[in-house]
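Numbering (my numbering), first residue to last: 1 to 154.
Notes to accompany the following structure.
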Amino acid sequence: MKRSAWAITVVLVLLALVAGWFFGLDARHAVALAGAAFAAGIANGLLESVDVPRATLAPLPEPVRGLSDLQALEFSLSSTEPGTRAVREVHALALAVTTAHPGAARSPALEALIAKAQSPELSHHELGTIADELERIVLLQPVAPPRHTPPGDP
C-alpha cells in the first residue's frame, strides 16, 4: 500500500477512537468500531492500487456540414457587417468543405483563407464571395452519406 493509504487508515482509526470516546461506547464496541475503520482503510488502500482498464466510449462523429449551414450563414451575413464570429464560422466551414471535397476547383481567395491557421479579417463582400464558392462546391460535388454496416458484415 502507498503511504497515503496508510495515512488514511490511521486517520480513520483515530476518528473511530474519538467517536467511541465521544459517544461513550464500552471497550468492546469501541474496539469493533476501530477495527472496522482499520479494515476500511486497508480496503481503500487495496482498491487504490488496483489498476483496471475501463471501457471508454468512442467519440461522437463530427456532423457533416453542408448546404444548410452555408445558407444559414449567408442569411446572417446579409443584413450586417461581418463580426469575428462570422469570419470564424466561414473559416471553419471552408476547412470542412474543402476537406470533404478535396478535388474541387478553388479560387485563390479560398486557398488563402484555408492556408491561414487563424481566421483573417475579411470584408462583407469577401465573405459573401467565399460563401458563394463554398455553396457551389457543395452543390456540384455532394458527399455520399456514410453507409451503415451491421457488425459482422464485410
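Virtual Cβ for every residue (Gly too), placed ideally from N, Cα, C.
The structure displayed is predicted, hence computed values, not measured ones.
- Residues of the same chain with a CB within less than 7 Å of the CB of E133, apart from the 5 flanking positions on each side, are S107 and L110 in chain order.
- Between E135 and V87, the C-beta spacing is not below 8 Å.
- An exposed status is given to D26, since fewer than 16 other beta-carbon atoms sit within 10 Å of its beta-carbon.
- For the 8 Å CB-CB criterion, A5 and G45 form a contact.
- Take G41, set aside five residues on each side of it, and the residues of its chain with a beta-carbon closer than 6 Å to its own are I8, T9 and L12, in chain order.
- Counting C-beta pairs closer than 8 Å gives three or more between the region 60–73 and the region 86–106, which meets the contact rule.
- If the five residues before and after L67 are omitted, its C-beta is found closer than 6 Å to the C-beta atoms of V138, all from its own chain and listed in chain order.
- For L25, no alpha helix (DSSP H) segment is defined, and its DSSP state is neither H nor E.
- Around the Cβ of L113, a 10 Å sphere holds 16 or more other Cβ atoms; the residue is buried.
- When the Cα atoms are used, P102 and L140 turn out to be separated by approximately 13 Å.
- The three-state secondary structure of L14, taken from DSSP, is helix.
- As the crow flies, the alpha-carbon of V90 is around 7 Å from that of L127.
- With 16 or more neighbouring CB atoms inside 10 Å of its own CB, G20 falls in the buried class.
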